[in-house]
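Novice:
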Amino acid sequence: MNRFAELLDRLSYEPGRNNKLRLITNYFRETGDPDRGYALAALTGALSFKHAKPGLIRDLIAERTDPTLFALSYDYVGDLSETVALMWPKNSERHLHNNPPPPTLTEVVAKLRTLGKAEMPKQLSRWLDDLDETGRWALLKLVTGAMRIGISARLAKTAAAALGDKDAHDVELIWPGLTAPYLDLFAWLEGRGEKPVNLDPAPFRPVMLAHAIEDADFANLDAADYIAEWKWDGIRVQAVSGRDARGNMLARLYSRSGEDITASFPDLLPSLHLSGAIDGELLVVRDGRVQSFNVLQQRLNRKVVSPKLIKDYPIHLRAYDLLGEGESDLRTLPFAERRARLEAFVARLGESRVDLSPTIAFENWEALAAARHDPYAAGAGDDSEAVEGVMLKRRDALYLPGRPRGQWWKWKRDPHVIDAVLMYAQRGHGKRSSYYSDYTFGVWTDAEGSEQLVPVGKAYFGFTDEELLQIDRFVRRNTTEKFGPVRHVVHAPDQGLVMEVAFEGLQRSTRHKSGVAMRFPRINRLRWDKPPREADRLETLERLLKDTAPVEAPGSGSH
Amino acid sequence: MRPQDILTPQPAGLCCKPGGFHIDPVKPVERAVITHGHSDHARPGHGAVLATQETLDMMRLRYGENFARTTQAIAYGEELRLGEVTVKFHPAGHVLGSAQIAVTCGDTRIVASGDYKDAPDPTCTPLEVVACDVFITEATFGLPVFRHGDAADQVKKLLSSVKLFPERAHLVGAYSLGKAQRVIALLRAAGYDAPIYLHGAMEKITLYYQSRGIELGELRPVRGVKKVDLAGTITLAPPSATSDVWTRRFPDPLTAFASGWMRVRARARQGGIELPLVISDHADWDGLTATIAATGAGEIWVTHGQEDALVRWCTTKGLSARPLDLVGYGDEDGGEDEATALGEGSEA
Numbered sequence: 229m230n231r232f233a234e235l236l237d238r239l240s241y242e243p244g245r246n247n248k249l250r251l252i253t254n255y256f257r258e259t260g261d262p263d264r265g266y267a268l269a270a271l272t273g274a275l276s277f278k279h280a281k282p283g284l285i286r287d288l289i290a291e292r293t294d295p296t297l298f299a300l301s302y303d304y305v306g307d308l309s310e311t312v313a314l315m316w317p318k319n320s321e322r323h324l325h326n327n328p329p330p331p332t333l334t335e336v337v338a339k340l341r342t343l344g345k346a347e348m349p350k351q352l353s354r355w356l357d358d359l360d361e362t363g364r365w366a367l368l369k370l371v372t373g374a375m376r377i378g379i380s381a382r383l384a385k386t387a388a389a390a391l392g393d394k395d396a397h398d399v400e401l402i403w404p405g406l407t408a409p410y411l412d413l414f415a416w417l418e419g420r421g422e423k424p425v426n427l428d429p430a431p432f433r434p435v436m437l438a439h440a441i442e443d444a445d446f447a448n449l450d451a452a453d454y455i456a457e458w459k460w461d462g463i464r465v466q467a468v469s470g471r472d473a474r475g476n477m478l479a480r481l482y483s484r485s486g487e488d489i490t491a492s493f494p495d496l497l498p499s500l501h502l503s504g505a506i507d508g509e510l511l512v513v514r515d516g517r518v519q520s521f522n523v524l525q526q527r528l529n530r531k532v533v534s535p536k537l538i539k540d541y542p543i544h545l546r547a548y549d550l551l552g553e554g555e556s557d558l559r560t561l562p563f564a565e566r567r568a569r570l571e572a573f574v575a576r577l578g579e580s581r582v583d584l585s586p587t588i589a590f591e592n593w594e595a596l597a598a599a600r601h602d603p604y605a606a607g608a609g610d611d612s613e614a615v616e617g618v619m620l621k622r623r624d625a626l627y628l629p630g631r632p633r634g635q636w637w638k639w640k641r642d643p644h645v646i647d648a649v650l651m652y653a654q655r656g657h658g659k660r661s662s663y664y665s666d667y668t669f670g671v672w673t674d675a676e677g678s679e680q681l682v683p684v685g686k687a688y689f690g691f692t693d694e695e696l697l698q699i700d701r702f703v704r705r706n707t708t709e710k711f712g713p714v715r716h717v718v719h720a721p722d723q724g725l726v727m728e729v730a731f732e733g734l735q736r737s738t739r740h741k742s743g744v745a746m747r748f749p750r751i752n753r754l755r756w757d758k759p760p761r762e763a764d765r766l767e768t769l770e771r772l773l774k775d776t777a778p779v780e781a782p783g784s785g786s787h
Numbered sequence: 013m014r015p016q017d018i019l020t021p022q023p024a025g026l027c028c029k030p031g032g033f034h035i036d037p038v039k040p041v042e043r044a045v046i047t048h049g050h051s052d053h054a055r056p057g058h059g060a061v062l063a064t065q066e067t068l069d070m071m072r073l074r075y076g077e078n079f080a081r082t083t084q085a086i087a088y089g090e091e092l093r094l095g096e097v098t099v100k101f102h103p104a105g106h107v108l109g110s111a112q113i114a115v116t117c118g119d120t121r122i123v124a125s126g127d128y129k130d131a132p133d134p135t136c137t138p139l140e141v142v143a144c145d146v147f148i149t150e151a152t153f154g155l156p157v158f159r160h161g162d163a164a165d166q167v168k169k170l171l172s173s174v175k176l177f178p179e180r181a182h183l184v185g186a187y188s189l190g191k192a193q194r195v196i197a198l199l200r201a202a203g204y205d206a207p208i209y210l211h212g213a214m215e216k217i218t219l220y221y222q223s224r225g226i227e228l229g230e231l232r233p234v235r236g237v238k239k240v241d242l243a244g245t246i247t248l249a250p251p252s253a254t255s256d257v258w259t260r261r262f263p264d265p266l267t268a269f270a271s272g273w274m275r276v277r278a279r280a281r282q283g284g285i286e287l288p289l290v291i292s293d294h295a296d297w298d299g300l301t302a303t304i305a306a307t308g309a310g311e312i313w314v315t316h317g318q319e320d321a322l323v324r325w326c327t328t329k330g331l332s333a334r335p336l337d338l339v340g341y342g343d344e345d346g347g348e349d350e351a352t353a354l355g356e357g358s359e360a
C-alpha cells in the first residue's frame, strides 16, 4: 500500500503527461504481482466495492481527537480525507506489538470486497494505525472512491503497455477480456507469456481517424472520389453488439480510445439488438432536433445516470459506418460498400434512437464549400447547430486504424474570432512554471455609463513559444498588482495587449460576470498593432448567443 | 516578581524591564538579546547585541560590519548577569548557533525558546530541554496536522526522482540559512556524492557553514554552468527563485520545495511545486507538545503561528496558557518577489 500511496502522491503533483507515464510505468516495473494489477485496476476505475461514506470517517476521527483541534485543522486543510490522514494519532498499542507491516494493496482490495458494513470502521482504523501519512491519505481516497488525481484509464493502460514497449491500442483491444489483477497481461508485457485473447462477444475495434484538410490539399483531390457527410459535434463512439457463448445478446458502447462507456448510456442499449459494430456519433436529440455539444455535456462524466437525466437528455446514435455485421468483418470493404450495408442495417434495426448520418450531395468543391458555409440550407436543417463542419471519405477507403493519409478528411467550419484585451495573467505549471502562460481576457462593455473591460474567458494555448516569451515579458513589465500567483496586467483604452481569440462556440453562463462562456478558446495571434480601445465589445458576443439555450450546470470548458 | 513583569510584549518585541533588554526585537533598541540568525529575529540597527558567535557572524554576513554598535558573543551554557536578571543560552536545534534564552529573576525562570525543533539535524547542536516555570514557545506548526516525519525519507524521495528523470534538473527550494545546508547534509548522509549546485544567494552562508566544520561535500555555484551539464543534477535555491525566470537556465526543471508547509497538499499545489519535501527546521505538532511537557513549565506563552490550537492543547492538559501578542515574526523571505505564492513563513 505504501508504494502505491507514493505513486498516487507523486502523480497528484505531476502536471506533465509523459512524466506521469514514466512514474506509473516505473511503478509497474518495480512492483510485483498482484499488487501492481490492483493498482492498474484502481487507476482505470475497474475496482468495485462498497465505498465508505465521509460520515464514517468523521466518526472515526471524532473518537480519537479533540473536536476543537479537529475543527481548527479541518478548517486549515480544507479536505476531510487529508485532515484525517494527517492528524490520525499514533497508536501506542501498536508499538507494543512489534510494528506489524503495513497492509499491501492486495490485502486492502481483497478485504474491501468481502467486508460487511458493520466491520468497516474497525478494519479501517486498523489500517490507518498501520500506515503513515501518505499511506492513510491514499487509503482514504481509495475507500471513499474519490481518487481524483488526474489520471485517465487510458493513461494507466498506456503506462502498462510501455512496460513491454507495446502500444496502448494493443492493451485496449484485449482489455475487455481481462480482470484484475491482470496476471496474464503483465506476463505478456514482460515477455513471459502469450498475448491474452479477447473472448468478448462485443469487442472494440481500433478507430479510423481523419486528417484536417488544408486549402492546398483540394488541388490534388477529385470530388468524384469522395462521399461527404456532416461532421457532428458530439462524441465519437463505437456501438457493438454480439452473442455470448450462451447465445445472449450483449451490447457495449466504446469511446474512440476504446474505453467502455456502456454504463453511462443504459437508454441506448435496447436499440442495439442486432449483431454488428456501428461507428457513429453520440448526440442528444430533443423534439427531433440535435442539441449542441453544450447540452450533450450535461450527460457526460456522471457517476449516477438518473431517470431524470435520461428523460431530459435523450441519447441518440447517428451512424456513419458499419465495421462488422453478424460474423463478418466489413473493415476490408471499400467505404461505399460499407455505407450501403450500413443503410440496410440501420433500416433493419428500425430504431428511432439510431439513424443514418446523411450524405451531402455535391458536384464540386465549390458546392461543398457552400454547404459547409450554410449547413442549414444544404440539408442539415434544424440540426445545423450541431454541425461543426464536413467530413470527406474516399469511396474506396478501407477501414484502417489510426490516421491513414488521404483517406478521410475533416473540414471544420471556421472558428469565431474576436479581439480581446489581456487583463490578468497567471503562471503555468511544470515546464511553464516560470512563465505567465494562463491568460484572462476581456471585452468592452458599458457599465453604469462608463466603458469597462469585462472578462469573457481564459486561454493557455494557441501561441508559439516565441509569442509566449513576448507575452511573458509584457506581463512582467506591465503588472499593476499581484494577488498570489495572479498578476493584474495593465488594461486601459490606450495601454495594454490585444489578443485575437478564436473559439468554437459560446454559451450563456451564470458563473461569469459577462454572462457568456466560450468553448475551446485559444490565442490565435497577438495584435501588438491594435490599441485596446479598438478591441471587441460584449454586444458582439451577445449577438452570437441569440439562439442558444441557457445552461446552468457547470461544464462550460473545452472537451 | 510576576512573570509578566519580567518579560513583557511590546511593539518592539519581548522586553525584559528588570534586565534592560529586548529579546529578538523587530525595531531598533538599545540592547538586544538574539536567539538566532533568521532575518525576522535578527535585525540590524540595535545598540548592543548579545548572541552566540554563529548568530553574530551570520548577522555580519548579512548586514555588514556595522550592523550594531557593539556585540558580545555568548556560548551555550554560559550565564550572564544583566541588571536584576541572569540570562543563559541553551541550544534550540533550529539552525547553526540558534539558542533558547533562559531568563531568571529571583526564583522564577522563563525560557524564550525562539524557533526550535527536536528532530535530528547534522548541521547544528541538538535542542536541550530546559526546566522552567514559564515556557515561551513558537507555534509555526501548531496544528495536529503537521507531522513532519523522517526527513531522511523525504531525501530518499528526491533521490529516486533524480534517478527516474535523469534528463531533468532538480531544483530544490530551501531557505538559504539552515534549511539548504541541512538538505545538503541529508543528501550526503543518504550517500549522494555528486557535486551539488547552489544559487548565488546561498553561496556565502553555505561557505560559512563549511568554515564551521560542517561537512557538505563538493558544492558548485550554478552560475555559468551550461544548460546541458545541469541534466540530472540537484541545485538548491531560495524558494522565490524556483518560480522565477532564473529557472530557464535549467533543462526541463523539476521543482521541489523543502518545507514543513509541504505537508498540506493545497499549500504545495498553490506554489506549483512538483515534488514537495516535508523537511522543517521547526518542531512539528508532536515535537511542540512533547517539548512543552518536558520543560515542566506550568505556564505556557504561545507566539508566532497557530496559537489557538496550541493554547487549546495546553488547556486540556491542565497547563495555564495564553497567546503572546508579538508581531513581525515568520515573514522571513516575505519581501522577495513571488515568495508569497509559497505561503507565509517561507523559511519554515
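Chains as they are written, first to last, in the working numbering: chain A, 229 to 787; chain B, 13 to 360.
Backbone N, C-alpha and C define an ideal beta-carbon position, used for all residues, glycine too.
Quantities reported herein were computed from a predicted structural model and do not represent experimental measurements.
Go through its chain and collect everything with a Cβ distance to A:Gln-391's Cβ below 8 Å, but skip five positions before and after it.
Specialist: The sequence given here places Leu at residue 391 of chain A; Gln does not occur at that position. Short of 8 Å from the beta carbon of A:Leu-391, and not among the five residues preceding or following it, lie these beta carbons of its own chain, in chain order: Thr-253, Phe-256, Arg-257, Phe-414, Leu-417 and Glu-418.
Novice: Taking the beta carbon of B:His-160 as the centre, do at least 16 other beta carbons fall within 10 Å, making it buried, or is it exposed?
Specialist: The residue in question, B:His-160, is buried, as its Cβ has 16 or more Cβ neighbours within 10 Å.
Novice: Flag this pair as yes or no: are the beta carbons of B:Thr-149 and B:Thr-315 separated by less than 9 Å?
Specialist: yes
Novice: Measuring alpha carbon to alpha carbon, tell me which residue in B:Gly-76, B:Ala-63 and B:Ser-252 is nearest B:Val-99.
Specialist: B:Ala-63
Novice: Considering B:Tyr-221, what are the terminal residues of the alpha helix (DSSP H) in which it resides?
Specialist: 212–223
Novice: If you follow the alpha helix (DSSP H) that A:Pro-643 is part of, which residue opens it and which one closes it?
Specialist: Taken as a continuous stretch (DSSP letters only), A:Pro-643 belongs to no alpha helix (DSSP H), as it is neither H nor E.
Novice: Residues of chain B with CB closer than 9 Å to the CB of A:Gly-578, please, in chain order.
Specialist: Chain order gives no chain B residues near A:Gly-578, where near means a beta carbon separation below 9 Å; the closest approach is about 53 Å.
Novice: Closer than 7 Å, Cβ to any Cβ of chain B: which residues of the segment 696–724 of chain A, in chain order?
Specialist: Gly-712 and Pro-713
Novice: Indicate whether the contact test is met: 3 or more Cβ pairs, each with one atom in the segment 394–414 of chain A and one in the segment 437–449 of chain A, closer than 8 Å.
Specialist: no
Novice: Assuming A:Gln-795 contacts A:Tyr-664 (C-beta within less than 8 Å), just tell me the rounded distance between them.
Specialist: Since the displayed chain A opens at 229 and closes at 787, residue 795 of chain A lies outside it and no answer follows.
Novice: Under DSSP, the beta strand (DSSP E) around A:Met-746 begins and ends at which residues?
Specialist: 744–747
Novice: Tell me, please, whether the segment 612–632 of chain A touches the segment 455–471 of chain A by the rule of three or more beta-carbon pairs shorter than 8 Å.
Specialist: yes
Novice: Run the CB neighbour count on A:Ser-240, radius 10 Å, all protein chains shown included, and call it buried at 16 or more, exposed below.
Specialist: buried
Novice: A:Arg-250 touches chain B at which residues, Cβ-Cβ below 9 Å?
Specialist: Leu-176 and Phe-177
Novice: In terms of alpha-carbon separation, which member of B:Asp-264, B:Gln-222 and B:Gly-229 lies closest to B:Leu-242?
Specialist: B:Asp-264
Novice: Is the CB of A:Leu-300 under 9 Å away from at least one CB in chain B?
Specialist: Interface residue, yes.
Novice: Roughly how many whole angstroms lie between the Cα atoms of A:Glu-732 and A:Ile-489?
Specialist: 26 Å
Novice: Verify whether the separation of the beta carbon atoms of A:Thr-372 and A:Ser-276 is less than 9 Å.
Specialist: A:Thr-372 is not a Cβ neighbour of A:Ser-276, given a cutoff of 9 Å.
Novice: Identify every residue that forms a DSSP beta bridge with B:Ala-80.
Specialist: B:His-58
Novice: Determine, for A:Pro-243, whether the minimum Cβ-Cβ distance to residues of chain B falls below 9 Å.
Specialist: Interface criterion met: the Cβ of A:Pro-243 is under 9 Å from a Cβ in chain B.
Novice: Report the neighbours of B:Glu-286 on chain A: residues whose CB is nearer than 9 Å to its CB, in chain order.
Specialist: Arg-238, Tyr-241, Glu-242, Pro-243, Gly-244, Asn-247, His-657, Gly-658 and Ser-661
Novice: Taking the alpha-carbon of A:Ala-430 as reference, which of A:Tyr-482, A:Arg-546 and A:Ile-455 has the nearest alpha-carbon?
Specialist: A:Tyr-482
Novice: Just how far apart, CA to CA, sit A:Ala-599 and A:Arg-581?
Specialist: Rounded to whole angstroms, A:Ala-599 to A:Arg-581 spans 26 Å at the Cα level.
Novice: Whole angstroms is fine: what's the gap from B:His-294's alpha carbon to A:Leu-359's?
Specialist: Their Cα atoms are separated by approximately 24 Å.
Novice: DSSP state of B:Leu-354, grouped into three classes?
Specialist: Per-residue confidence for B:Leu-354 stands at a pLDDT of 34, beneath the threshold of 50, marking its modelled position as unreliable; the derived number appears in the next sentence. Residue state, collapsed to three classes: helix.
Novice: Hey, is A:Leu-383 close to the ligand NAP, as in C-beta under 8 Å from one of its heavy atoms?
Specialist: Absence of the ligand NAP is noted for the structure shown, with no ligands found whatsoever.
Novice: Report the three-state DSSP secondary structure of A:Asp-428 (helix, strand or coil).
Specialist: coil
Novice: Cβ of A:Met-229 less than 9 Å from any chain B Cβ?
Specialist: no
Novice: Could I get the ranges of all uninterrupted beta strand (DSSP E) runs contained in the segment 436–476 of chain A, with 3 residues as the minimum, in chain order?
Specialist: 454–460 and 463–471
Novice: Any Cβ of chain B within less than 9 Å of the Cβ of A:Leu-314?
Specialist: When Cβ-Cβ separations below 9 Å define contact, A:Leu-314 makes contact with chain B.
Novice: Any idea what DSSP makes of B:Ala-192, helix, strand or coil?
Specialist: helix
Novice: Using a Cβ cut-off of 7 Å, pull out every chain A residue sitting near B:Thr-328, in sequence order please.
Specialist: Chain A residues near B:Thr-328: Asp-294.
Novice: 9 Å is my cut-off, CB to CB: does B:Ser-255 come that close to chain A?
Specialist: yes
Novice: Cutting at 7 Å between CB atoms, please list the residues of its own chain near A:Ser-492, excluding the five before and the five after it.
Specialist: Arg-530 and Val-533
Novice: If we cut at 9 Å on Cβ distances, does B:Ser-173 have a partner in chain A?
Specialist: Output row for B:Ser-173: interface = yes.
Novice: Does the segment 263–271 of chain A come within contact of the segment 378–393 of chain A, defined as at least 3 CB pairs closer than 8 Å?
Specialist: Contact holds between the segment 263–271 of chain A and the segment 378–393 of chain A, because three or more Cβ pairs, one in each stretch, are under 8 Å apart.
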